[in-house]
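Beneath this line is the structure, given in structure tokens, with notes to follow.
Numbering (the working numbering), first residue to last: 7 to 98.
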């Protein structure tokens with residue numbers, strides 16, 4: 007896995023709101039890296055260290071929870087959340 011550019015600090019858990027948050031908007035590249043790593047079946051510990059910048063050796067529970075929730079959020083954005091990036095056309 008190629009190391010991504012440093013992202014803003016990652017929360018212990020990803021947002022769960024049913025819309026994109028400012029937190030999400032700042033981390034779009036990180037979400038794409040997570041999806042790419044999942045597609046490549048990368049070990050979650052490598053992804054936590056490389057993408058989330060959390061050491062799974064020092065903080066295994068935090069690293070796993072952050073990886074799990076941010077990957078789930080990335081998948082939600084891929085399936086639903088992207089709609090918030092593109093406003094619906096209005097009819098006149």
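Ideal placement from N, C-alpha and C gives every residue a C-beta, glycine not left out. Every value quoted in this text rests on a predicted model; they were computed, and no experiment measured them.
Cβ atoms of residue 19 and residue 75 come within 8 Å of each other, at about 5 Å. Each of 43, 58 and 89 was checked against the Cα of residue 70, and the nearest Cα belongs to 58.
Taking a cut-off of 8 Å on C-beta distances, the region 39-52 touches the region 77-90, as three or more cross pairs fall below it. DSSP places residue 59 outside both helix and strand once states are collapsed to three, so it counts as coil.
Distance check between residue 45 and each of 84, 89, 33 and 28 places 84 closest, using alpha-carbon atoms only. Residue 55 and residue 89 have their C-alpha atoms roughly 30 Å apart. Residue 90 sits in a helix when the DSSP states are folded into three classes.
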